[in-house]
RNA sequence: CGGGCUGUGGCUCAGCUUGGUAGAGCGCUGCGUUCGGGACGCAGAGGUCGUGGGUUCAAAUCCCACCAGCCCGACCA
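Numbering (our numbering), first residue to last: 7 to 518.
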């Protein structure tokens, strides 16, 4: 024991070095770790449990909006990728390529790809699946009666990133990609919008992340898309992070892949397609949005475990009774429903001393920790600590009362996290009308070691790529989206960078 | 993929300048005392010093190459 009361579980703190804090949280919370393969991560059970919960809830929303899951190949012939010009250009730089199908022992005794087993056409490991799914849809679609096709797939993709960060940017990551084909433009645009709303709902209600929804500027658009919609969240260093995207692909991919059909009028027409996705990046987003200097804080709706029971067994003679009581309490809690499902409860029976266990769970971000000791058995009480409050704040409750109100308590944590994130975002979202103020907003006081600064700026823009480019070069700030909400856009005005007219305000920020 | 820095038990690092055959703290294992705010004592286990080559009687230490990681840029869910 060397600690003062002010000691934090994570060093450095968020204020000291946010990027390093994040990495330490991922490690301390046992969410993931770097693997021996450059750029790839091992997602550990606690981190994967989080992803599974996000997955399950999102999957239900996809099904509810008429989609079905399917699975398409990991390997994509290079010729498929070449079909859509903008698309290849966007992804070519980060593709892993499979060139051989067999290994052999070389002269140096080491394994090497067998020269005799070179593929006639190399295969790309999917960076995304528009092309191969498009080629498949082309076979499936002949008539307007075959439309719409509403399919989603859960899978991994590979984008050969050079600067990996766990969950936020890795060479391989897990995601879902929805791919739909429609008879009309209007239908496809509606789908694009609908799925963005699904993402916004997921973010707000399940992940407790307030998000701004809007459209990407041409410069930030998905390669090959006509329109890219997105939701943008703010994390605690006030940077933006894209939490989901939905693309209206027009007829670009239909033309590239030959998805055509005979219309009601008998004419041959190209289908209108969409694609939309969210990735394990959401896990990183959650951590950066809600965590504190003691580690992760998980929203109850996606936490792998809602309640952990920590039996306090100071004396051998009371140990069995306490452990038995912990199991009874756990079972009573499991009968409680939170958003339709029984609570996930864990009894931590490990024979570890003192506060060690307690701190492990704090770092992991479990919503509720319950201490149960010999004195509680006598009094019928429990000691409850909420992860969204200070680690010292322990509430002694009658066990019955705790069980009765546990679902409400979890919801209160969920709501509290959202409110906290919303307050932080609103506090650091500013309408800015002058170039000088814009620059000041995004310039740290300490250039050597930049402090947390800036935020979201709602500023007019003349619509030119030149301004985007200039601002990005000067400040590393980009347009995160053109907000759909008129209250944010605020109608016409003047671009502070050029003095030219602007249709509406757009959302600027530094981003992940 | 360009510029800089760094590779030594599981982790963080000392040792390298001035070559002489490897250390600390944490963690881990065992036993005991502890346990409602991150415990303590004693006894242990654990290292091809990133990889390959070179110089030397002798290399963690000097030289070369390669690989990997971190930071800063360009790119991105």
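Beta carbons are placed, not taken as given, at the ideal position from N, Cα and C, and that holds for glycine. Here the structure is a predicted model, which is why all the values come from computation and not from measurement.
Beta-carbon proximity of residue i to residue j, cut-off 8 Å
i           : j           : result
residue 455 : residue 482 : no
residue 144 : residue 264 : yes
residue 392 : residue 374 : yes
residue 183 : residue 283 : yes
residue 73  : residue 158 : yes
residue 435 : residue 462 : yes
residue 262 : residue 277 : no
residue 198 : residue 280 : yes
residue 489 : residue 218 : yes
residue 170 : residue 45  : yes
residue 246 : residue 291 : no
residue 15  : residue 302 : no
residue 214 : residue 423 : yes
residue 307 : residue 212 : yes
residue 518 : residue 80  : no
residue 150 : residue 270 : yes
residue 254 : residue 231 : yes
residue 352 : residue 314 : yes
Status (buried if at least 16 other CB within 10 Å, exposed otherwise) for residue i
i           : result
residue 146 : exposed
residue 346 : exposed
residue 77  : exposed
residue 513 : buried
residue 296 : buried
residue 11  : Bear in mind that the predicted position of residue 11 carries a pLDDT of just 39, short of 50, making it unreliable; the figure below should be weighed with that in mind. Classification for residue 11: exposed.
residue 153 : buried
residue 431 : buried
residue 148 : exposed
residue 85  : exposed
residue 500 : exposed
residue 440 : exposed
residue 460 : buried
residue 334 : exposed
residue 473 : buried
residue 448 : buried
residue 452 : exposed
Residue i, enclosing alpha helix (DSSP H) - first and last residue
i           : result
residue 363 : 362–370
residue 261 : 258–263
residue 329 : 322–340
residue 140 : 136–146
residue 94  : 91–97
DSSP-derived helix/strand/coil call for residue i
i           : result
residue 462 : strand
residue 241 : coil
residue 76  : coil
residue 484 : strand
residue 59  : helix
residue 350 : coil
residue 173 : coil
residue 151 : helix
residue 105 : strand
residue 112 : coil
residue 518 : coil
residue 198 : helix
residue 193 : helix
residue 160 : strand
residue 308 : coil
residue 224 : helix
residue 251 : strand
Boundaries of the beta strand (DSSP E) in which residue i is found, first to last residue
i           : result
residue 182 : 178–188
residue 282 : 278–285
residue 128 : 124–131
residue 415 : It is not in any beta strand (DSSP E) - residue 415 instead sits in the alpha helix (DSSP H) that spans 405–433.
residue 266 : 266–268
The ligand ATP heavy atom lying under 7 Å from the CB of residue i
i           : result
residue 417 : Within the structure as shown, the ligand ATP is missing, as the structure has no ligands at all.
Contacting residues, own chain, Cβ-Cβ under 8 Å from residue i (five flanking each side not counted)
i           : result
residue 406 : 386
residue 120 : 106, 108, 109, 110
residue 200 : 71
residue 508 : 466, 467, 468, 469, 498, 499, 500, 501
Same chain only: Cβ atoms within 6 Å of residue i, ignoring 5 sequence neighbours per side
i           : result
residue 13  : none
residue 64  : 208
residue 67  : 204
residue 477 : 483
residue 102 : 131, 164, 166
Contact set for residue i: own chain, Cβ-Cβ below 7 Å, skip 5 residues either direction
i           : result
residue 222 : 234, 236, 487
residue 408 : 388, 390
residue 20  : 27, 242, 299
residue 363 : 316, 354, 356
residue 141 : 86, 263
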